[in-house]
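For reference, the structure discussed in these notes is given below.
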Amino acid sequence: MLALLASLAQAQQKSGVDVANVDASVRPQDDFFVNLNGKWLARTEIPSDKSSWGSFEKLDDDTKPQLRAIIEAAAADGNKTAGSDAQRIGDFFASYMDEARLETLRLTPLKAELERIAALGDKKDIPALMAHYQRVGVTTPFGFVIHQDNKDSTKYVADLVQDGLSLPDRDYYLKKSDKKMADTLARYQQHVGKMLALAGNANAAADAKAIVALETEIAKIQWTKVQLRDPVKAYNKVALDQLPKLAPGYGWTDWLKETGIAGKVDYVIVSQPSFISGADKLLARTPLSTWKAYFQWQVIHANAAYLAKDFALENFAFYGTVLSDIKEQQPRWKRAVNATDGALGESLGKLYVAQHFPAERKARMEALVANLLAAFKQSIETLDWMSPETKVQAQAKLAKFTVKIGYPNKWRDYSRLVVAKDDLVGNIHRSREFEYNKEVSKLGKPIDRDEWGMTPQTVNAYYNPELNEIVFPAVILQPPFFDADADDAVNYGGIGAVIGHEISHGFDDQGAQYDGDGNLRDWWTKADHKNFAAKTRMLVKQYNGYSPVKGYHVNGELTLGENIADNSGAAIAYKAYLISLGGKPAPVIDGLSGEQRFYMGFGQVWRSKIRDAQQIVYLKSDPHSPDQFRANGTVRNQPGFYSAFGVKPGDKMYLAPKDRVIMW
């Protein structure tokens, strides 16, 4: 009788693996990603309004109708209560949906900004203009971000950073030998000309040519995305009164005053000093007429999606179709939801959590995180490449991790943000300036450790090295990442590996340069640095060999941090799963062992398809590897995968033990 009850209980368990997607014609030992997801890949078409489609995109798309329902309910309530969160949410959405008014207004919402550019009489006025445009979200050659001082995590600081391009990466301007890059640049110039012409610029074609030439010069002096990954080289402390030595021709007094930085701090961090100096020289040698055309273009570009239909469609034709091969725009209501979410994210998130995030889901997540942290702690002690003294430092950092799950303890106050039902561009600008003011107001104040960098409805997670925290928004705690009804194996492989991934970022090649208090500090021995570097070189070499699009390879250096986190996160999650079994064998469900379900849970998270054009954009700009390599590239390094699926020499997934990389 007991055996029968046990059998019934096992039969009622849900594996959480989408076995209907398995393509048995492909062996998991030869291509795990295609074996696991092959039938899904064969029958799935990327939606015409998407550049890619997979677990992340589907969950985000499934959330949109939920957010729309919340917004529309808020609109009904907000009509009764002026100045409430509901009024702001409803009116922001309504302003986006009022297409007829946008057709009537045309460029009127940008009149003041365009007149300000036209009135520029001297290049000495450009610094104040650049500072102003950061307030309202317009691209300029450089700007700043507010964050913790990387060498004094008790303070906020302004960090000057390079900017100024309208294409995803400097390679689009500089790699003339790449036909795809060269064609995109030529079509970009055509696009700029069309947008300027729509705005009434009588010299549109010539100005577009000058703008592209200017952006090409900006690209030449920018640091590469690989160079940008080095936090030590990016930490250059400069007193405000010393900024003229870095860029003597730039009007720092006007810029600092207009930004609001002056009087709040006595120094800034200059992330790319050579770029700031180069931009100063570029400002001097470039005619004022070219700068005026450049700023006119950037103002139009920053607001094109919120203007009349011809502006929005031309903007989509290039940035949607040319760059990413998307066939058609998203329905307007989805774009309106995105814009409302971007402006009032926590206000909307508070309502989302109340309706769609059960308390028990957070409790399950807390237990999983605790198990992952315990497994990471054990793993540090068993490392054969790290010295005892460095292990002490690693454990100290791990012990200081802060965990945030679901939603903030303290919701943001939007009461000072004015939203009008008949003023979309004004709403966009005011929301951008509202965000800007929030950031600048941090200077001189204590660190806000309750703040979140993502909203609860964002399908993502993150690690912040400066706060030494891992954060998991509410919306990601759903299938295929987390299935409350499934057996533990698939959840450890899904959300468990996501948790492990974010923990591991604290110990990847960038995160490991910060201590447990969030300060850039070298807590490693020389021998440990050498051993760590040897492992990272192996991982770079592995991923450099992957090519998702003919002629284009993964950049193993750009993606190194994420590849470390993928590999380490899966390894730690697997250990945590084994610990959770308490020495007992895992049940067999759907004919699959617990170990197999773990890796299948991991692999199905990365189920996706992507258009080649968008993949090339990501290869140039995204620190993450393509999804099929986040699956296959990771499991090839996992000893547990070999035993779970019987992978042997001669199998395409096989890596010799000496070539496998497990760092944590």
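Under UniProt numbering, the first residue of the sequence shown carries the number 1, and numbering increases by one thereafter.
Virtual Cβ for every residue (Gly too), placed ideally from N, Cα, C.
Simplified DSSP state of residue i, which is helix, strand or coil
i: W53; result: strand
i: A6; result: Residue placement at A6 is flagged as unreliable, the pLDDT there being 38, under the threshold of 50; a coordinate-derived value is accordingly withheld.
i: N201; result: coil
i: I117; result: helix
i: T390; result: helix
i: Y552; result: strand
i: G336; result: According to the sequence as given, residue 336 is Ala; it is not Gly. If DSSP states are grouped into helix, strand and coil, A336 belongs with the helices.
i: Y133; result: helix
i: P473; result: strand
i: D60; result: helix
i: T154; result: strand
i: Q272; result: coil
i: D91; result: helix
i: I46; result: coil
Assumed close pair residue i, residue j - CB separation to whole angstroms, cut-off 8 angstroms
i: L424; j: L102; result: 7 angstroms
i: D448; j: Q29; result: At roughly 50 angstroms, the Cβ-Cβ gap does not stay under 8 angstroms, so D448 and Q29 are not in contact.
i: Q189; j: A208; result: 5 angstroms
i: D159; j: S271; result: 6 angstroms
i: K362; j: G406; result: 5 angstroms
i: N519; j: N150; result: 7 angstroms
Contacting residues, own chain, Cβ-Cβ under 6 angstroms from residue i (five flanking each side not counted)
i: L2; result: For L2, the pLDDT reaches just 35, beneath the cut-off of 50, and the residue's location in the model is therefore unreliable, although a value from the coordinates is still provided. Here the set comprises nothing.
i: R537; result: none
i: P473; result: M454, P456, T458
i: P109; result: V425
i: N79; result: none
i: Q162; result: F142, Q222, Q272, F275
i: I495; result: F481, F482
i: V337; result: K64, L67, R68
Cut-off 8 angstroms between Cβ atoms - residues of its own chain near residue i, not counting five sequence neighbours on either side
i: S274; result: I221, W223
i: N315; result: M195, H301, A304, A305
Whole-angstrom distance between residue j and residue i, CA atom to CA atom
i: P65; j: K442; result: 35 angstroms
i: S431; j: K397; result: 37 angstroms
i: residue 695; j: F33; result: With the chain represented from 1 up to 664, any question about residue 695 goes unanswered, as that position is not in the structure.
i: S415; j: V212; result: 41 angstroms
i: I146; j: E439; result: 6 angstroms
i: L307; j: R106; result: 6 angstroms
i: K245; j: N437; result: 28 angstroms
i: L59; j: A339; result: 18 angstroms
i: H501; j: D612; result: 26 angstroms
i: A11; j: W452; result: In this prediction, A11 scores a pLDDT of 45, lower than 50, which makes its location untrustworthy; no coordinate-derived value is stated.
i: S608; j: D566; result: 16 angstroms
i: L94; j: K327; result: It should be pointed out that residue 94 corresponds to Ala in this sequence rather than to Leu. Distance between the alpha carbons of A94 and K327: 26 angstroms.
i: N632; j: M653; result: 8 angstroms
i: A533; j: P657; result: 18 angstroms
i: I393; j: V403; result: The question names Ile, but residue 393 is Gln in the sequence shown. Their Cα atoms are separated by approximately 19 angstroms.
i: W411; j: H505; result: 26 angstroms
i: N21; j: R27; result: 14 angstroms
i: T253; j: L174; result: 33 angstroms
i: F629; j: A202; result: 49 angstroms
i: W664; j: N637; result: 12 angstroms
Buried versus exposed, by CB contacts within 10 Å (16 or more), residue i
i: N563; result: buried
i: T104; result: exposed
i: R43; result: exposed
i: Q242; result: exposed
i: L581; result: exposed
i: V661; result: buried
i: S153; result: buried
i: P585; result: exposed
i: A82; result: exposed
i: S177; result: exposed
i: D627; result: buried
i: K50; result: buried
i: V419; result: buried
i: S625; result: buried
i: T382; result: exposed
i: L313; result: exposed
i: S166; result: buried
i: E45; result: exposed
Any non-hydrogen atom of the ligand ATP within 7 angstroms of residue i CB
i: D522; result: The ligand ATP is absent from the structure shown, which contains no ligands of any kind.
Sequence-distant residues of its chain with Cβ nearer than 7 angstroms to residue i (five each side left out)
i: L288; result: L120, K123
i: H356; result: Q66
i: Q395; result: K377, I380
i: P331; result: none
i: N544; result: H553, V554, G556
i: K225; result: D169, L558, S621
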